[in-house]
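Every number in my numbering is 35 more than the matching position in the sequence shown, counting from 1.
Here a beta-carbon is modelled for each residue, glycine too, at the ideal position from N, C-alpha and C.
Reading through the structure tokens given below for one structure.
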Amino acid sequence: MKYGFSQKLFGYFYHSSCMKQAKRQHLQIDSKAIKQEYRAILTRAKDIGKSRLMSSYCMGAYFIALNRNTTLSPEECYALYKDGLSANQLFHKVMGNADSYLDAKKLPARKKWSADSHKHKYENDWVVDILEGGANDDFELGYDYHTCGICSLCRDEGCFELARYLCRMDYVLADMMHMRLVRTQTIAEGATHCDFRYSRIDSTPGKNS
């Protein structure tokens with residue numbers, strides 16, 4: 036795929052967050068090698084067009100690059116990634132909160148995204164169904180992902196086992212936005228699809244305790 040502005044921007048964001056965390060942990064890491072590998076991965080990656088989840092695709096590419104160019108285990112790389120992003124205040128602002136994420140006004144655009152995704156225009160892009168929680172549901176917004184770009188990228192790169200670490204980031208991001216995420220299965224763990232169910236942490240008193 037083309038290594039353009041978006042890919043560079045997301046790469047800079049993830050890299051700066053991780054390198055600052057590495058410095059806090061007094062880790063010796065080859066910053067240049069990671070950046071070069073990140074670019075190489077995305078340059079040979081299958082195109083996903085102007086995907087809504089380009090940031091996630093780049094997150095996957097950076098995590099692969101990080102693993103390949105440090106002596107850290109995948110678990111240690113995940114911890115570095117998680118702590119680095121969690122410490123980045125700009126990341127918190129960009130992510131927003133439960134009210135902004137669960138705003139009903141965003142539903143039409145999400146449904147269009149879902150319909151477009153089922154056209155399978157790009158092999159590695161996500162394919163998703165959007166579920167709107169009702170009065171009798173225990174969630175407000177749901178996603179069923181039938182294909183996952185991160186899993187596809189990891190598979191193409193011969194490191195499918197790394198995808199499950201990125202799955203764990205979804206809970207970190209939900210916590211940042213003060214949301215509850217319930218998920219019973221993921222493609223990374225061999226399921227047919229990933230089932231995301233989001234709700235506000237305090238939407239039902241005592242429910243999330």
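Using C-beta distances below 7 Å, list every residue in its chain close to residue i, excluding the 5 sequence neighbours before and after it, in chain order.
i, result
"leucine 188", "Ala80, Tyr92, Gly95, Ala96 and Asn159"
"glutamine 220", "Ala226, Cys229 and Asp230"
"asparagine 132", "Met212 and His213"
"leucine 197", "Phe98, Ile99, Asn102, Pro109 and Cys189"
"threonine 239", "Low confidence applies here, because threonine 239 scores a pLDDT of 47, under 50, leaving its location unreliable; read the following figure in that light. Same-chain partners within the cutoff: there are none."
Note down the Cα distance separating residue i from residue j, rounded to an integer number of angstroms.
i, j, result
"asparagine 104", "asparagine 171", "48 Å"
"lysine 85", "isoleucine 222", "23 Å"
"methionine 54", "leucine 176", "34 Å"
"glycine 168", "phenylalanine 174", "5 Å"
"isoleucine 99", "tyrosine 116", "11 Å"
"glutamate 224", "glutamate 110", "16 Å"
"serine 52", "asparagine 123", "6 Å"
"tyrosine 49", "leucine 120", "7 Å"
"lysine 141", "serine 90", "19 Å"
"isoleucine 64", "tyrosine 47", "16 Å"
"tyrosine 206", "glutamine 56", "20 Å"
"leucine 62", "aspartate 118", "14 Å"
"leucine 44", "leucine 166", "31 Å"
"glutamate 72", "arginine 203", "23 Å"
"serine 149", "tyrosine 178", "9 Å"
"aspartate 164", "leucine 107", "36 Å"
"lysine 70", "tyrosine 157", "25 Å"
"aspartate 138", "arginine 218", "21 Å"
In its own chain, which residues sit with a C-beta less than 8 Å from the C-beta of residue i, not counting the 5 before and 5 after it?
i, result
"alanine 209", "Arg215, Leu216 and Tyr233"
"phenylalanine 195", "Cys186, Cys189 and Ala223"
"isoleucine 236", "Ala133, His213, Met214, Arg215 and Asn243"
"alanine 162", "Looking at the sequence shown, residue 162 is not alanine but valine. Contacts found: Ser152, His153, His155, Tyr180, His181 and Thr182."
"leucine 88", "Asp160, Trp161 and Gly184"
"cysteine 112", "Phe98, Leu101, Asn102, Thr105 and Tyr200"
"alanine 68", "Asn104"
Determine, for residue i, whether the minimum Cβ-Cβ distance to residues of chain B falls below 9 Å.
i, result
"tyrosine 97", "As a matter of chain content, chain B is missing from the structure shown, which is built from one protein chain."
What does DSSP give as the partner residue(s) for residue i in the beta ladder?
i, result
"arginine 164", "Checking the sequence shown, residue 164 turns out to be aspartate, not arginine. Per DSSP, Asp179."
"methionine 211", "Paired residue(s): none; methionine 211 is not in a bridge."
"tyrosine 200", "Paired residue(s): none; tyrosine 200 is not in a bridge."
"tyrosine 233", "Leu176 and Leu216"
For residue i, which residues in the same chain have their Cβ closer than 6 Å to its Cβ, ignoring the five residues on either side in sequence?
i, result
"serine 41", "Met89"
"glutamate 192", "Ile99"
"arginine 74", "Tyr38"
Query - the segment 111 to 129 / the segment 145 to 155 touching (three or more Cβ pairs under 8 Å) - result: no
Report task. Specify whether the segment 69 to 78 and the segment 37 to 44 touch according to this definition: at least 3 beta carbon pairs, one from each stretch, less than 8 Å apart. Result -> yes
Query raised in the report: Which runs of the alpha helix (DSSP H) spanning at least 4 residues fall entirely within the segment 104 to 157, listed in chain order?
Result: 109 to 121, 124 to 130, 133 to 136 and 142 to 152
Report task. Report the residue ranges of all alpha helix (DSSP H) runs contained in full by the segment 57 to 87; include only those spanning at least 4 residues, in chain order. Result -> 66 to 79
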